[in-house]
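Q: Take the sequence shown: its letter number 14 is residue 56 in this note's numbering, and every next letter is one higher.
The beta-carbon is built from N, C-alpha and C at its ideal position, and this holds for glycine as well.
From a predicted model like this one, the values you see are computed outputs, not experimental measurements.
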Amino acid sequence: MNIKNIFKMKNKYKLIILLTFIAFTSCESELERLPKDQLTIATTFTNYRNFQTYAWEFYNTFGSYHQGRVDLGEHSADLMVDGRNNNGDNWIWQRITVPTSSGLYSGGFSRIRKVNLMLDNIDNSELNDNEKNHWRSVGYFFRAWEYFDLVKAYGDITWVETALSDADTDVLYGGRTPRNEVTQNMLD
43 MNIKNIFKMK
53 NKYKLIILLT
63 FIAFTSCESE
73 LERLPKDQLT
83 IATTFTNYRN
93 FQTYAWEFYN
103 TFGSYHQGRV
113 DLGEHSADLM
123 VDGRNNNGDN
133 WIWQRITVPT
143 SSGLYSGGFS
153 RIRKVNLMLD
163 NIDNSELNDN
173 EKNHWRSVGY
183 FFRAWEYFDL
193 VKAYGDITWV
203 ETALSDADTD
213 VLYGGRTPRN
223 EVTQNMLD
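1. Where do the ends of the alpha helix (DSSP H) carrying residue 230 lie?
2. Exposed or buried, which one is residue 181 when buried takes at least 16 other CB atoms within 10 Å?
3. Helix or strand or just coil, what does DSSP make of residue 211?
4. Determine the DSSP secondary structure at residue 59, reduced to helix, strand or coil.
5. Can at least three beta-carbon pairs, one atom from the segment 201-209 and one from the segment 166-175, be found at a separation below 8 Å?
6. For residue 193 versus residue 213, is the C-beta distance shorter than 8 Å?
7. Can you tell me which of 197, 203, 228 and 156 puts its alpha carbon nearest to the alpha carbon of residue 86?
8. Go through its chain and collect everything with a Cβ distance to residue 220's Cβ below 6 Å, but skip five positions before and after it.
9. Which of the three DSSP states, helix, strand or coil, is assigned to residue 219?
10. Just the Cα atoms here: how many angstroms apart are residue 82 and residue 75?
11. DSSP on residue 83, reduced to helix/strand/coil?
12. Could you tell me which of 163, 154, 92 and 98 sits nearest to residue 228, measuring between CA atoms?
13. Buried or exposed, going by whether 16 or more other CB atoms sit within 10 Å of the CB of residue 183?
14. What did DSSP end up calling residue 241 once you bin it into helix, strand or coil?
15. So, for residue 159: in the same chain, excluding its five sequence neighbours on each side, which residues have a beta-carbon less than 6 Å away from its beta-carbon?
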């Protein structure tokens with residue numbers, strides 16, 4: 043090889059290194075984009091409409107009116123309806139057993155986490171004070187609603203006031219909060 047070829051090869055490698063450096067440094071701003079097809083904390087909890095859209099999911103807990111069934115109303119509450127002891131409230135007839143696991147447990151805490159995410163991000167939003175108070179009260183209501191079902195099914199249950207992460211092992215693997223304390227937190 044002669045010197046001209048070696049010089050050309052050195053320049054060729056320098057050019058490749060320079061182009062690689064330019065290619066990776068120019069993409070940095072593109073890599074920091076928020077997804078447009080998904081909700082993130084940075085895009086969701088900004089204004090009133092976004093809070094409203096996020097909170098729509100909470101109302102699914104009520105179900106639809108009658109849900110295609112006959113509304114029993116007072117019928118299921120009366121102990122003397124048909125003269126049979128299998129009618130009436132299951133709590134009164136002591137037919138309730140505390141489940142060891144169910145979809146209620148994981149589903150309830152999943153919805154509580156969503157409410158806590160909203161509550162944790164209200165103060166960082168651009169809402170005015172009245173709007174913040176409104177969405178805070180909506181969050182408190184739905185958190186209490188979910189805890190009501192959990193306390194009704196399990197008694198003592200873990201009370202969680204903020205959205206948890208995997209690092210919060212002391213709460214995730216901690217003991218249950220006494221029922222009276224949970225219900226007082228719901229009232230507060």
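A: On the basis of the coordinates in this document:
1. As a first step, residue 230 must be located in the sequence shown, where it is residue number 188. It is not in any alpha helix (DSSP H) - residue 230 carries neither H nor E in the DSSP assignment.
2. Here residue 181 corresponds to residue number 139 of the sequence shown, with the count starting at 1. Residue 181 is buried by the Cβ-count criterion.
3. As a first step, residue 211 is located in the sequence shown; it is residue number 169 there, counting from the start. Reduced to three states, the DSSP call for residue 211 is helix.
4. Here the question's residue 59 lines up with position 17 in the sequence shown. Residue state, collapsed to three classes: helix.
5. no
6. In the sequence shown, the residue the question calls residue 193 occupies position 151. In the sequence shown, the residue the question calls residue 213 occupies position 171. Their beta carbons are not under 8 Å apart, which means residue 193 does not touch residue 213 by this criterion.
7. The residue labelled residue 86 in the question sits at position 44 within the sequence shown. For residue 86, the nearest C-alpha among the options comes from 156.
8. On the sequence shown, position 178 is the one that residue 220 refers to. Excluding positions up to five away in sequence, the list reads 198.
9. Counting from 1 along the sequence shown, the entry for residue 219 is found at position 177. The answer is strand: DSSP assigns residue 219 an E or B state.
10. As a working mapping, residue 82 is identified with position 40 in the sequence shown. As a working mapping, residue 75 is identified with position 33 in the sequence shown. Roughly 11 Å between the two C-alpha positions.
11. The residue you call residue 83 lines up with position 41 of the sequence shown. DSSP places residue 83 in helix when its eight states are reduced to three.
12. Sequence index remark: in the sequence shown, residue 228 carries index 186 (1-based). Of the listed residues, the one whose Cα sits closest to residue 228 is 154.
13. Residue mapping note: residue 183 aligns to position 141 of the sequence shown, counting from 1. By the 10 Å Cβ count, residue 183 comes out exposed.
14. Beyond the ends of the chain as shown, which are 43 and 230, falls residue 241; an answer cannot be given.
15. The residue given as residue 159 occupies position 117 in the sequence shown. Once the five neighbours on either side are set aside, the close Cβ partners of residue 159 are 205.
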